[in-house]
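Trainee: Start counting the first sequence at 1; every next residue gets the next number (UniProt numbering).
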Amino acid sequence: MPFTIATWNINSVRLRIGLVEHFLRTHAPDVLCLQETKCPNELFPREAFEALGYGHVAIHGQKGYHGVATISKLPFEDIVRQDFCAIGDARHLSVRLKAGDTPIRIHNLYVPAGGDEPDPDINVKFRHKLDFLEEMRAMRAGGEEGVSAILVGDLNIAPFEEDVWSHKQLLKVVSHTPVETDGLLRVIEEGGWDDLVRRAIPRPQKLYTWWSYRSKDWTAGDRGRRLDHIWASPDLGGKLVSASVLREARSWERPSDHVPVMAAIDL
DNA sequence: ATGGTAGTGTGACTA
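(1) Could you have a look at VAL179 and say whether DSSP puts it in helix, strand or coil?
(2) Please classify ASN41: does DSSP put it in a helix, a strand, or coil?
(3) Please specify which runs of the beta strand (DSSP E), each continuous and at least 3 residues long, are wholly inside the stretch 194 to 238, giving them in chain order.
(4) Does DSSP put GLY153 in a helix, a strand or coil?
(5) Between which two residues does the alpha helix (DSSP H) carrying LYS98 extend?
(6) Per DSSP, what kind of secondary structure is LEU240 in: helix, strand or coil?
(7) How would you write the range of the beta strand (DSSP E) that PHE3 sits in, first residue to last?
(8) Check each candidate in TRP211, PHE44, ILE122 and LEU52 and name the one with the smallest Cα separation from ALA58.
(9) List the DSSP bridge partners of ALA263.
(10) If you follow the beta strand (DSSP E) that ASP78 is part of, which residue opens it and which one closes it?
(11) Sorted by chain position, which residues of the same chain lie with C-beta nearer than 6 Å to CYS33's C-beta, five sequence neighbours on each side aside?
(12) State the beta-bridge partners of TYR110 as determined by DSSP.
(13) Could you say if the stretch 127 to 137 and the stretch 187 to 195 meet the contact criterion of at least three C-beta pairs nearer than 8 Å?
(14) Between PHE76, GLN82 and PRO112, which lies nearest to ARG96 when the distance is taken from Cα to Cα?
(15) SER256: buried (16+ other C-beta within 10 angstroms of its C-beta) or exposed?
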């Protein structure tokens, strides 16, 4: 049995707990990493996960905004919440667990969206995003001796031309500007990460994980972006069985604007 | 060029 992991920006875990339950019943990953839970820790719906066999729930939430959670069938050996940019946002959570005999550090990240104007001098949100990216450079796939690593989350950047519906039309749109895409690719390269989803579904195939709410019909023109990612240390990359994007979830009732992304690794 | 929708929680913010 391979080890399976999924990441999903759920845009309110309480509002969409029914969709999450449906996803866990039908796909049953060993670990599910959620972003944008928008839920204070004391109100997190732990019981729903426990009832489905996910007895291990690590949360890093705050009221109203952001928030990440890692839901697991396997127990955690360590939990870390990193305060990126030291402003108290709940945007990171990492756990260490053992999958079979393999210790794995799993980082769950929600990178700032960055606002509308891609100029750090006039847009503090974009400045924050670039600062966050800079801080991510310290995240190394080989950071812990003898521990494999996975980094997942809504990274809010579509790094390759084939990760957006129109490279040309999005070059000046936050999420696909050169300073962001170069920055993210540098984090991958310097950190020694392996982009598992692009390993399984290589370019030039187009691939998206997010479609805006601001359109009557999300399928019209298929104007998506690949904002959600699964990276791993090279030892795990070599054992990748499959990776996939659950596109159909965008058509579920009252959907998130992001869909689940999954990977299976043969340990 | 603009505005379009969604969530939290009833304001204005974030995305």
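Think of the CB as a built atom: it goes at the ideal place given N, C-alpha and C, for glycine as much as any other residue.
Mentor: The structure says:
(1) Note: VAL179 maps to helix in three-state DSSP.
(2) In the three-state DSSP reduction, ASN41 falls in the helix class (H, G or I).
(3) Complete beta strand (DSSP E) runs here, min 3: 228 to 232.
(4) DSSP places GLY153 in strand when its eight states are reduced to three.
(5) DSSP places LYS98 outside any alpha helix (DSSP H); the residue lies instead in the beta strand (DSSP E), whose first and last residues are 92 to 99.
(6) Of the three classes helix, strand and coil, the one that applies to LEU240 here is strand, per DSSP.
(7) The continuous beta strand (DSSP E) containing PHE3 extends over residues 3 to 9.
(8) Closest by alpha carbon: PHE44.
(9) According to DSSP, ALA263 bridges with ILE5 and ALA243.
(10) Going by DSSP, ASP78 is part of the beta strand (DSSP E) stretching over 76 to 80.
(11) These residues qualify, in order along the chain: THR7, THR70, ASN108 and VAL152.
(12) The bridge partners DSSP lists for TYR110 are ASP154.
(13) Counting Cβ pairs under 8 Å, three or more are found: they touch.
(14) If you compare the alpha carbons of PHE76, GLN82 and PRO112 with that of ARG96, the shortest gap goes to PHE76.
(15) It is buried - the Cβ of SER256 has at least 16 other Cβ atoms within 10 Å.
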